[in-house]
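Trainee:
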Amino acid sequence: MLSTRHRDSAFSLLEILSSAAIVAVLAALLLPVFQSARFSAQKAKNLANLRVIQAANIAYSAEHDGRFVASSIWDSEGKGVNWHENPEFRANYLNISKTGPWPDGMLSPLATIRNDKGYRRTDRSYGYNYESLGGVAGTPNTIRQAVAQRMRSPSKTLAFADALDWQIKMMAADLYAGKEEFIGSAIAYRYEGRAGVVFFDGHAEMLSRSEVVNNADLWTIFPQ
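Put into structure tokens, the structure is as follows:
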């Protein structure tokens, strides 16, 4: 009987080890599938967020004589308010609080730069195109603002995109180096070499660096 019990114990241990090995192999096989599914979900969420922002921008424009929310406004003392800080745009069109951090779920899933309180920063998540809008930052009584009536093709013109700054411009389109750190006016290709982009007509896409860099048709808001 003792010999039989030893054989049974050995067989049970072998079964356990075999089962563990099978589970490990299956986990290794399924991990890339899960990672791919998660990445696809992150891209979808990113594009959805961008559509929401531009839908709010379009609604703003409809109620402001074709003027989209200003990229920046500087008052008589040169104090500025940027688009993501604009209390009217936030409260009336995005349905978020007039001040403070944006809801985390409205930011790019792969943006990681945080403020000193631990909140992810809106101005290091999405940037607003200001190509050809003119104006020098900090100049009193200056506004940078796109106007629908002056645009050649809203469906081909970039509005918002993944970025490392709250504003983006063509000259900085090739500066992203794969790190989550501030670079002025730089778009961010966070998603395996692609950036989420929403156009002024409201449709969104994932674009590669080669599709963005030096693409004047994509960037230019007011044609000369």
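By the count of my numbering, the sequence shown reaches residue 319 at its end, each step adding exactly one. Where is the CB? At the ideal position from N, CA and C, for every residue including glycine.
At the level of alpha carbons, what is the spacing between residue 281 and residue 121?
Mentor: Stepping through the sequence shown from its first residue, residue 281 is reached at position 186. Stepping through the sequence shown from its first residue, residue 121 is reached at position 26. Near 41 Å, if we compare the C-alpha coordinates of residue 121 and residue 281.
Trainee: With a threshold of 6 Å on Cβ separation, who are the neighbours of residue 240 within its own chain once the five nearest residues in sequence on each side are excluded?
Mentor: Mapped onto the sequence shown, residue 240 falls at position 145. 162 and 165, listed in sequence order.
Trainee: Check whether chain C comes within 8 Å of residue 258, counting only Cβ atoms and requiring the distance to be less than that.
Mentor: Chain labels in this structure do not include chain C; a single protein chain is all it has.
Trainee: Compute the Euclidean distance between the alpha carbons of residue 243 and residue 249, then round it to the nearest angstrom.
Mentor: Walking along the sequence shown from the start, residue 243 turns up at place 148. Walking along the sequence shown from the start, residue 249 turns up at place 154. For residue 243 and residue 249, the distance between alpha carbons rounds to 8 Å.
Trainee: Quick check: what's the CA-CA separation for residue 308 versus residue 272?
Mentor: To locate residue 308, count along the sequence shown from 1; it is residue 213. To locate residue 272, count along the sequence shown from 1; it is residue 177. The straight-line gap from Cα to Cα measures roughly 14 Å.
Trainee: Would residue 208 and residue 275 qualify as a contact pair, given that the criterion is a beta-carbon distance under 8 Å?
Mentor: Residue 208 sits at position 113 when you count from the first residue of the sequence shown. Residue 275 sits at position 180 when you count from the first residue of the sequence shown. Yes, Cβ-Cβ distance for residue 208 and residue 275 is below 8 Å.
Trainee: According to the neighbour-count rule (16 or more other Cβ atoms, all chains shown, within 10 Å of its Cβ), is residue 247 buried or exposed?
Mentor: Walking along the sequence shown from the start, residue 247 turns up at place 152. The residue in question, residue 247, is exposed, as its Cβ has fewer than 16 Cβ neighbours within 10 Å.
Trainee: Which residue comes first and which comes last in the beta strand (DSSP E) that contains residue 169?
Mentor: Numbered from its first residue, the sequence shown carries residue 169 at position 74. Element bounds for residue 169: 167-169.
Trainee: For the beta strand (DSSP E) containing residue 253, list its first residue and its last residue.
Mentor: Walking along the sequence shown from the start, residue 253 turns up at place 158. First-last of the beta strand (DSSP E) with residue 253: 253-257.
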